[in-house]
DNA sequence: GTTTAGCACTCTACCTTTCTGAGTGCTAAA
DNA sequence: TTTAGCACTCAGAAAGGTAGAGTGCTAAAC
C-alpha cells in the first residue's frame, strides 16, 4: 500500500513541524503553517489514516500527532528535501578542519568537535579499523634499561605507542636489531594475518643477534601485543552535554540511560561496526529509534558514514541526536566533514 | 565565637543525616536518630542559634535545616570522624590498580575509573605538571619521506608523540643526527627553561651534519613545539553520567551547567592547579560550594590531592561530587588511590 | 467519491482551593 | 538552662473547575 500524494505531503509537513517545535502537530496549525488547499477536516481524515497505517502516533486523544519511527523512516527514505550546506556553514567547517593535520588522531578529534558544534548533537569519530590496515613500521626505543617504547605505524596513518618492560640487561642495539628484523618480516602484512607465530618467524628469519630463545620470545611477545593493541579502535566523542538542553531529555532518567550507554565507547564502536556492515553499499547509515539495538538510545537517531584513506574504506564518523533531528541538514554536514577528512587522508 | 560541645554534635548530626537522606533535617527526626539526652525543644534552640551563626540554612519556614557552605566547612575541618577504608573496599581498589602499569597514561586512566566506581561521583586524574618535569629523551623517527614522528620522554615517565612534517629530501640519518644532538644538549633540562633558543644552541653545539641554517631551523622548530606540547596536561575524567542519578541534579539545568563546564578539560585543570598552589602544605585540598570559583560547580564539592613521582610533587587526582558528599569516605578513597599511584611511580 | 462545515466530545495543562502535617518559635513553668 | 505546650507557617498533596486545543463523526455540498 503506497501513500497518495497529499498524504505524503501531510506526513512530510508533520515531521518538519515536529522537528521544529517538539510539540504534537494538530490539523489546525498544519493548515496555518502550510499551503494545503484543503480544509482542516480533510487533513484530519488523512491524519487518521496515516495513524492507522502506523506513520503517526497520538500521545493522547486530544493532542496532535507526532511521527512514529516508521513515519521518520518514510520521511528519511523518500520525503525529505535534501538540502545543501549554506555557504557560511561550509565556511565555518572549513575554518576548523581546513588546515592540515599531521596526525589522524588530531584530525578526528577536530572533526568530532566541529560536527558537534555544527549539529548541536553528539558527534563521534573513530580511527580506521583493522580490516583496512596493514603494518608499515615497527620501532622499539629503549627509554631506560628494562623499559622499551614500541611504536607501531599502520597503513592508514595510525601511530600508536606502548611502553613495555623487558629484561634489564638487553641493550638498545639488541632491541633495535630485533625490531628491525620484525619490521622487515612483517611490513606490508595485513594486521589480521599477524600472529605470535608470524612475528616469531619474521624475527628468526632476519635477525643476526644471538639471544637465547626464551629471552627473544619475551621481547617478541611484547612486540606482538603492541601491534595487536594498535588496532584497537579509538573513539572520539563530543557534544554530549548538549543533549541536556533538548526537551526530550528534560527527564533526567532518559538522559541517564543515554549517558550510561555512551560512557562505554566500546559498545558504541561495536554497534557502528555492525551497522556499517549491514548497509555496506550505502553512502550513509541511518538508524531511527527502536531500530537502534543499543539500550538507552531508543529515543535517538544515529547517522554514520565512512571515510576513506587513499580511497579505501576506513573508519566511521557519526552523529547521535534526538529522533526529532534535522536529518537532511545533519546528513549534509556529515558528508561535508567526511569529504574534508577524505581529502586530508589522501593527499599525504 | 566558638561552638559549645552540644552545638557541635548537633551540627555534625545534621550534616550526617542530610548527607544520608538529602532531606532537610528537623528537630524531631534528629532526636529519633541520635541519642541526644535533651528534648527537641532544646535542639530547636540550638538549631536556631546555629542558623543565626551561618552554619545552617532553612529552605523555608516550616522545613528542617540543611547545612550551609560554612556548615560543611566546619564539619570538614573539625567535626567529621575520619573513617578508614573497609577491607573489602581496599581490596576492590587494589584489584583494579594493583597490577603494574607500563605507562603513566593507562595508570591514571585506571585510577580515574576506579575512583569513579568507588565513590559514585566524578573523578579526575591529571598527568604530572610542567614544574616538576625535565626532558629525558627526544627521538625523531622517519615514518615516510617528509613525515617524522617526534617522541618526547619526560622525567615523570610521560611519553608523548607528535607527527610533524619536514622537507621531503631529508634523510633518516640527518634527522637522527639532529635529534641526537638536541637530546644531548637538552636532556636533564627543566621544561620551563627550554626555548627555541636553547634548542637551537643544543643542536648547533653538538651536530656534525652540514645543513643550511634555514632547513635546520625548520626541523628544530618542529622539535621544539613537540617538546612544548608534551607538557600539556592530559585530564582523565570519569563517572560524569553518575551525577544525573543524584537528586540535586534532577533539575536538568543544573546538570547542564555542570557538564558544560566539565566539558572544558582545560578549565578544570587550571582550577586544580590554582587550588593546589593555595593549599600547598596540605595533604589534600577541599573546596565546597561557593568556594569553588568555577562557574557551574557551585553546587558541588571538590576534593583533590597530589601524587608524587619518585617522591617529588607531580600531578593531581580528585573527586567532584555534590556538596552533600561522604567527605571522610571520599578522602580515604582518594588517599588510598594516591598511595597506590605513588607506589607504582616510585619503584620504576 | 471526496471534501467540508459544524458540533459534540475528550483530555491535558493549568489554576485555585483546601487540607494535612512536619516543623518552627515563643512563652511560661520546672 | 531545659522543657512542655501551643499557636503559627508553609510546602506539597489532593480535589475540583476551567479553558482550549484537538479530535471523530455526521450530514450536506461539490
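Chains as they are written, first to last, in my numbering: chain A, 74 to 421; chain B, 74 to 421. For glycine and all other residues, C-beta sits at the position ideal for the given N, C-alpha and C. All of these numbers come straight from a predicted model, not from anything done at the bench.
A direct Cα-Cα distance of roughly 10 Å separates residue 320 of chain A from residue 395 of chain A. Fewer than three Cβ pairs drawn from the region 251-268 of chain A and the region 173-184 of chain A lie within less than 8 Å of each other, which leaves the two stretches out of contact. Sequence-distant Cβ neighbours of residue 119 of chain B in its own chain, meaning closer than 7 Å and more than five residues away, are 79, 80, 83. Taken through DSSP and simplified to helix, strand or coil, residue 317 of chain A comes out as helix. For a Cβ distance threshold of 9 Å, nothing in chain B lies close to residue 256 of chain A: the least Cβ distance comes to about 11 Å. Judged by beta-carbon spacing, residue 382 of chain A lies beyond the 8 Å limit of residue 194 of chain A, meaning their Cβ atoms are not closer than that value. When Cβ pairs closer than 8 Å are counted between the two stretches, the region 242-260 of chain A is seen not to touch the region 183-201 of chain A, the count staying below three. With a threshold of 8 Å between beta carbons, residue 237 of chain A makes contact with chain B.
Secondary structure note for residue 236 of chain A: its beta strand (DSSP E) is the uninterrupted segment 232-238. When secondary structure is reduced to three states using DSSP, residue 99 of chain A falls in the coil class, being assigned neither helix nor strand. Within the region 210-224 of chain A, 210, 212, 214, 216, 222, 224 place their CB atoms closer than 7 Å to a CB of chain B, listed in sequence order. Residues of chain B with a Cβ closer than 7 Å to the Cβ of residue 323 of chain A are, in chain order, 325. Close to chain B, meaning a Cβ-Cβ distance shorter than 7 Å, are the following residues of the region 151-183 of chain A: 175, 176. The region 291-363 of chain B is shown to contain whole beta strand (DSSP E) runs of 3 or more residues at 308-311, 357-361, in chain order.
Contact of residue 336 of chain A with chain B is assigned, a C-beta pair being separated by under 8 Å.
In summary, no residue of the region 121-150 of chain A has a CB separated from any CB of chain B by less than 8 Å. Listed as beta-bridge partners of residue 381 of chain B by DSSP are B/386. Per DSSP, reduced to three states, the secondary structure at residue 86 of chain A is helical. Judged by DSSP secondary structure, residue 212 of chain B falls within the beta strand (DSSP E) whose first and last residues are 208-217.
Distance between residue 367 of chain B and residue 329 of chain B, taken at the CA atoms: about 14 Å.
Between residue 209 of chain B and residue 260 of chain B, the C-beta spacing is below 8 Å. The alpha-carbon separation between residue 302 of chain A and residue 201 of chain B amounts to approximately 25 Å.
For the options A/406, A/128, A/236, the alpha carbon positioned closest to that of residue 156 of chain A is the one of A/406.
Taking a beta-carbon distance threshold of 8 Å, residue 332 of chain B counts as an interface residue toward chain A.
Proximity of residue 76 of chain A to chain B, defined by a Cβ-Cβ separation below 8 Å, is not satisfied. If you check the CB distance, residue 116 of chain B and residue 141 of chain B do not come in under 8 Å.
Contact between the region 398-416 of chain B and the region 367-378 of chain B is present, with at least three C-beta pairs closer than 8 Å.
The region 269-288 of chain B and the region 221-235 of chain B do not touch, with fewer than three beta-carbon pairs separated by less than 8 Å. Residue 127 of chain A is not a Cβ neighbour of residue 418 of chain A, given a cutoff of 8 Å. Excluding its 5 nearest sequence neighbours in each direction, residue 369 of chain B has C-beta neighbours in its own chain below 7 Å: 330, 331, 333, 334, listed in chain order.
In this structure, residue 88 of chain A lies near residue 144 of chain A, with their beta-carbon atoms less than 8 Å apart.
Each residue's CA atom was taken as its position, placing residue 107 of chain A and residue 374 of chain A some 26 Å apart. Secondary structure note for residue 177 of chain A: its alpha helix (DSSP H) is the uninterrupted segment 177-192.
What residue 317 of chain B touches in chain A, judged by beta-carbon distance under 7 Å, is 325, 328, 329, 332, going in chain order.
Taking a cut-off of 8 Å on C-beta distances, the region 232-248 of chain B does not touch the region 239-250 of chain A, as fewer than three cross pairs fall below it.
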